[in-house]
Structure formats: C-alpha cells, structure tokens
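Read the structure below first, then the notes.
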Amino acid sequence: MIKRVFFAIVLAFAVCFGLEAQNIIVPDGYELVDSVVFRPAATADSTLVGKSLFDYSGAEISQDAAIVSAMGMHLTANKEKSITGYRVRIFFDNKQNSRGASEEVVKRFRAGHPGVPAYRSYMYPFFKVTVGDFRTKSEAMQLLQAIVPEFPAAFVVKETINYPAIEKQDNYVTDTLHILRKIPND
C-alpha cells in the first residue's frame with residue numbers, strides 16, 4: 256500500500272513538472288488513466304492586501320525611509336477598506352428548513368457551475384445564498400441570465416465582494432492528471 260501511494264505521489268510530481276506520461280514506467284498489473292481536475296484560476300492576490308512590500312524577508316529592498324514611512328501610513332489609513340461589487344442572490348428564505356435548503360442550493364449550484372464562487376450567509380432571520388464576485392452590475396447580469404432557468408427567483412445585489420478572478424472568461428482551470436490504477440483481475 257505504501258509503495259502504491261509513493262508511486263502515485265511521484266507520478267503526480269512528474270505530471271506537475273511537465274513530464275510526459277509516456278516517459279513513466281508503469282509496473283506490471285497497473286495502467287495509467289486520465290482524470291480531469293477542476294481548480295480555481297488565479298485571482299488577485301488578496302493575501303497581500305494591507306501588507307507592506309518592504310516587510311517581506313527573502314527580498315532585500317533598499318529604500319528611502321520617507322517612502323517606507325509613507326507606505327506604512329497609507330496601509331494604516333486604508334486597512335479597513337473593502338471592495339464593493341455585485342453578486343447574484345439565488346436563495347433567500349426564513350422558513351424552519353431554510354438552513355438545510357440553503358446548503359442544498361449551494362451544493363447544486365457548485366455542481367453545475369464549477370469555478371463560480373458561492374457564499375452562504377445568515378442575517379437574522381434570513382438564510383441567503385449569493386454567487387459570483389463582480390465589479391460591475393453588467394457582469395453580474397450576464398451570470399443572472401445564464402442561471403435564471405435553474406434559479407428563477409435569482410436577482411442581482413450590491414454587496415462587499417472578494418477580489419474577482421483575473422481570468423474573466425474561465426475562472427476555473429482544468430488539468431489532466433495521469434493516475435496509476437491497478438488492473439482488476441477478471
């Protein structure tokens with residue numbers, strides 16, 4: 256078992272570093288199969304929001320003290336700023352079963368729309384599900400038009416959003432992984 260896991264890890268590294276599956280030696284009794292994986296595309300690096308470029312170790316930056324001070328004052332003054340944008344609300348209810356219903360709506364949406372973020376929230380007395388992160392209302396309207404057959408009560412709302420994905424067209428990336436699988440004995 257440990258040997259198989261180790262080989263699968265080595266195989267995954269080989270795929271990540273661009274080695275072709277044809278160069279991999281497959282042991283007897285095993286075969287390589289393709290598996291498609293969906294993962295989110297790169298987004299704006301929100302981990303750096305509110306952090307100074309000059310604080311990172313590993314990079315030596317020689318800078319005038321006045322610039323470092325001005326950067327620090329700017330970060331302190333803008334620490335609590337957030338981005339306001341648009342999302343599409345696909346669920347809004349306050350019935351007794353609303354918690355479970357909202358969870359089901361999120362699962363159904365994520366299954367049908369990989370790569371589009373879905374958010375579930377509770378603000379007394381309502382459970383809400385909103386989807387997407389859009390800077391403009393017209394971008395949110397495009398998603399609304401696409402999902403209105405599935406979610407007929409959906410509508411656009413203005414609220415605080417996460418930084419939208421950099422890649423507008425495909426906010427998810429598909430990768431093909433080659434996985435080592437034992438050939439079943441007949």
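Read in order, the letters of the sequence shown are residues 256 to 441 in my numbering. Each residue gets a CB set at the ideal place from its N, CA and C atoms; glycine is no exception. Just so it is clear, the structure is predicted and the values come from calculations on it, not from any experiment.
Three-way DSSP call (helix, strand, coil) for residue i in this model
i	result
residue 361	helix
residue 477	In the structure displayed, the chain extends from 256 to 441; residue 477 sits before or after that span and is not available.
residue 397	helix
residue 402	helix
residue 317	coil
residue 264	Confidence in residue 264 is poor, its pLDDT being 49 and thus under 50, which makes the residue's placement unreliable; the coordinate value appears in the next sentence. Note: residue 264 maps to helix in three-state DSSP.
Range of the contiguous alpha helix (DSSP H) that encloses residue i
i	result
residue 324	320-332
According to DSSP, residues forming a beta bridge with residue i
i	result
residue 436	286
residue 378	381
residue 291	431
residue 373	386
Delimiting residues of the beta strand (DSSP E) encompassing residue i
i	result
residue 412	410-416
residue 345	338-348
9 Å Cβ cutoff met for residue i and residue j
i	j	result
residue 319	residue 434	no
residue 344	residue 384	yes
residue 322	residue 368	no
residue 347	residue 382	yes
residue 365	residue 356	no
residue 399	residue 371	no
residue 394	residue 363	no
residue 291	residue 431	yes
Nearest-angstrom Cα separation, counted from residue j out to residue i
i	j	result
residue 415	residue 286	48 Å
residue 379	residue 329	36 Å
residue 396	residue 409	10 Å
residue 413	residue 282	56 Å
residue 407	residue 341	18 Å
residue 376	residue 439	46 Å
residue 358	residue 417	20 Å
residue 353	residue 360	10 Å
residue 339	residue 317	35 Å
residue 327	residue 387	32 Å
residue 332	residue 325	11 Å
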